[in-house]
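K.L.:
Numbering (this note's numbering), first residue to last: 38 to 463.
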């Protein structure tokens, strides 16, 4: 948008925000002339277009409104109520923030602007993660840039503001690469320091209500974005550090399970690629089992099949080397479209885990009930046991129990916690 193209403000139909136009430019000019400087922040969640392409305009518009609310929630925190929050254009993903005068004497300084932009980025990345992850299946790509200008009486102030907006936009494109490098370096340090916390979530017997197992779940450092496991593993995937992270997570899961009841099982998540690593089984696990009086039958390796198995013959061979030693295998993501019936029959796991997407509202969805029943029939044909994960309501639990699911897991019974939380019984 050039200075000559700025027209009367329009209202963005989806977000309700003003689109940059003559009225908002007039307000920006007043701030600029009063404080003799101006801070501009450009914000763009640029991979949301994939959501519209895949799921349609209604879903996209809903997420745009959620992003807007997340930005507006910053007013009174990192932003002032008088700061201008605008859409750059009527039909794009970009937002513009023009900072009003500070409470103290003088305008914003560039260092202030950098701090504000960094805080906004962290808050919005966290705030919209779960909203967008449901659809993107990856973290949102958030670009943020800023520009700071000082009034020059020889130059046209409106053109100066326009150039500042363009400078902030250009900066945002470089910010993405800088952020990715920073995330990778942070994750590398987490891996080197083995700064992974393990929490455990119980699974119960559907009939007796007694705990039969715990699943080890990994978290990054508390107080950081990496504490979110989806974010942690997404960055690892993008940085090609999944193998290294998974090794640390498995070791920490074992290290922190010293108080495991020998009558219970421990589910440990493992990537298909890490199953190939012999040293973990041959050295680490044998020492652990011997030290704490446990048996291989206590450990179940939960394979996330949605992460591609490149060579099935090699993978099955490695799986058998585990099961021959007495370890057991569970297959995750069942029912999501990743774990096909063919995959289940090839791997022949001891357990199949019915994905949360199949569990949610199963009590009122006959189609999901039919699909779960089909999965249960396949499980029975290979002598596998079934586990439903992500259960949140009593009615979901009752329906799954009625269908014949063997074990259940979810917030209804217990949230993940330090070793080893008890469960609510129904």
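Where a beta carbon is used, it is the ideal one built from N, C-alpha and C, also for glycine.
1) Among 291, 295 and 383, which residue has its Cα nearest to the Cα of residue 338?
2) Spatial neighbours of residue 455 within its chain, please: CB distance less than 8 Å, with the 5 preceding and 5 following residues excluded, ordered by chain position.
3) Could you check the C-alpha separation between residue 246 and residue 444 for me, to the nearest Å?
4) Do you know how far the Cα of residue 59 is from the Cα of residue 144?
5) Excluding the 5 residues flanking residue 191 on each side, which residues of the same chain have their C-beta closer than 8 Å to its C-beta?
6) With which residues is residue 445 paired in a DSSP beta bridge?
7) Closer than 8 Å by C-beta to residue 211: which residues in its own chain qualify, once you throw out the five before and the five after it? Chain order, please.
8) Helix, strand or coil for residue 338, going by three-state DSSP, please let me know.
9) Label residue 410 either buried or exposed according to how many other C-beta atoms from any shown protein chain fall within 10 Å of its C-beta, with 16 as the threshold for buried.
10) Does the beta-carbon of residue 56 have 16 or more other beta-carbons within 10 angstroms, so that it is buried, or is it exposed?
11) Applying the 10 Å Cβ sphere with the 16-neighbour rule, what's the burial state of residue 41?
12) Whole angstroms are fine: how far does the CA of residue 166 sit from the CA of residue 176?
13) Flag this pair as touching only if the stretch 347–359 and the stretch 387–407 have three or more C-beta atom pairs under 8 Å; answer yes or no.
14) Going by other Cβ atoms of all chains shown within 10 Å of its Cβ, with 16 needed for buried, is residue 140 buried or exposed?
15) Let me check understanding here. Comparing Cα to Cα, which of 186, 275, 50 and 381 lies closest to residue 204?
16) Of all the options 298, 364 and 64, which has the alpha carbon lying nearest to the alpha carbon of residue 119?
17) By a C-beta neighbour count over all protein chains shown, 10 Å radius and 16 as the cutoff for buried, is residue 335 buried or exposed?
18) Hey, residue 266 and residue 232: beta-carbon distance below 7 Å or not?
19) If we call anything under 7 Å between Cβ atoms a contact, is residue 427 one with residue 441?
20) Taking the CB atoms as reference points, tell me whether residue 425 and residue 437 lie closer together than 7 Å.
21) Among residues of its own chain, excluding the 5 on either side of residue 429, which ones have a beta-carbon nearer than 7 Å to its beta-carbon?
22) May I ask which residues mark the beginning and end of the alpha helix (DSSP H) holding residue 170?
23) Kindly indicate which three-state DSSP category residue 90 falls into: helix, strand or coil?
24) Across which residues does DSSP place residue 132 in a beta bridge pair?
25) Taking C-alpha atoms, which residue in 128, 218 and 101 lies nearest to residue 169?
26) Within the same chain, show all residues whose beta-carbon is closer than 6 Å to that of residue 478, passing over the 5 residues directly before and after it, in chain order.
27) Just the Cα atoms here: how many angstroms apart are residue 366 and residue 288?
28) Given that a residue counts as buried once 16 or more other Cβ atoms are within 10 Å of its Cβ, and exposed if not, what is residue 349?
29) Considering only the beta carbon of each residue, do residue 49 and residue 112 sit closer than 7 Å?
30) Is the CB-CB distance between residue 130 and residue 81 below 7 Å?
31) From what residue to what residue does the beta strand (DSSP E) around residue 367 run?
32) Throw me the rounded Cβ distance for the residue 284 and residue 311 pair, which I believe falls under 8 Å.
33) Suppose you measure from the CA of residue 202 to the CA of residue 341; what does that come to, to the nearest Å?
34) So, are the CB atoms of residue 179 and residue 163 less than 7 Å apart?
35) Quick one: residues in its chain with C-beta nearer than 7 Å to the C-beta of residue 434, no 5 flanking neighbours on either side, listed in chain order?
36) Spatial neighbours of residue 142 within its chain, please: C-beta separation below 8 Å, excluding the five flanking residues on both sides.
P.N.:
By the coordinates alone:
1) Distance from the Cα of residue 338 is smallest, within the candidate group 291, 295 and 383, for 291.
2) Result list for residue 455: 236 and 237, in chain order.
3) So the alpha carbons of these two residues sit roughly 9 Å apart.
4) Confidence at residue 144 is low in this model, with a pLDDT of 48, below 50, so its placement is unreliable and the value that follows should be read with caution. Between residue 144 and residue 59, the C-alpha separation is close to 23 Å.
5) No residues qualify anywhere along the chain.
6) DSSP lists 241 and 425 as partners of residue 445.
7) Same-chain partners within the cutoff: 182.
8) Under the three-state reduction of DSSP, residue 338 is assigned to strand.
9) When all chains shown are included, residue 410 counts as exposed.
10) Here residue 56 is buried. Its C-beta has 16 or more other C-beta atoms within 10 Å.
11) At residue 41, the pLDDT of 48 sits below 50, so the modelled position is not reliable; the number obtained from the coordinates is stated separately. Exposed is the call here.
12) The straight-line gap from Cα to Cα measures roughly 6 Å.
13) No contact exists between the stretch 347–359 and the stretch 387–407.
14) Model confidence at residue 140 stands at a pLDDT of 45, short of 50, so the residue's coordinates are unreliable; what they give is reported in the following sentence. Looking at its Cβ environment, which holds fewer than 16 other Cβ atoms inside 10 Å, residue 140 is exposed.
15) Distance check between residue 204 and each of 186, 275, 50 and 381 places 186 closest, using alpha-carbon atoms only.
16) For the residues 298, 364 and 64, the minimum Cα distance to residue 119 belongs to 64.
17) Buried.
18) Cβ distance not < 7 Å, so residue 266 and residue 232 don't count as in contact.
19) It is not a contact, given that the beta carbons lie outside the stated cut-off.
20) The Cβ-Cβ distance between residue 425 and residue 437 falls below 7 Å.
21) 447, 448 and 449, listed in sequence order.
22) Under the DSSP assignment, residue 170 falls in the alpha helix (DSSP H) whose first and last residues are 166–173.
23) The three-state reading of DSSP puts residue 90 in helix, counting H, G and I together.
24) DSSP, once it has assigned bridges, lists 80 and 124 as partnering residue 132.
25) Checking every option, the nearest Cα to that of residue 169 belongs to 101.
26) Missing from the structure shown is residue 478; the chain here goes from 38 to 463 and no further.
27) Between residue 366 and residue 288, the C-alpha separation is close to 17 Å.
28) Residue environment for residue 349: exposed (fewer than 16 other C-beta atoms within 10 angstroms of its C-beta).
29) Pairing residue 49 with residue 112 gives a Cβ-Cβ distance that is not under 7 Å.
30) Going by C-beta atoms, residue 130 is nearer than 7 Å to residue 81.
31) First-last of the beta strand (DSSP E) with residue 367: 365–371.
32) Beta-carbon to beta-carbon, residue 284 and residue 311 are separated by about 6 Å, close enough to satisfy the 8 Å threshold.
33) Roughly 44 Å separates the two Cα atoms.
34) With respect to residue 163, residue 179 sits apart: the two C-beta atoms are not nearer than 7 Å.
35) The beta carbon of residue 434 sits closer than 7 Å to those of 428, 445, 449 and 463, all from its chain and outside the five residues before and after it, given in chain order.
36) Confidence at residue 142 is low in this model, with a pLDDT of 45, below 50, so its placement is unreliable and no value can be given for it.
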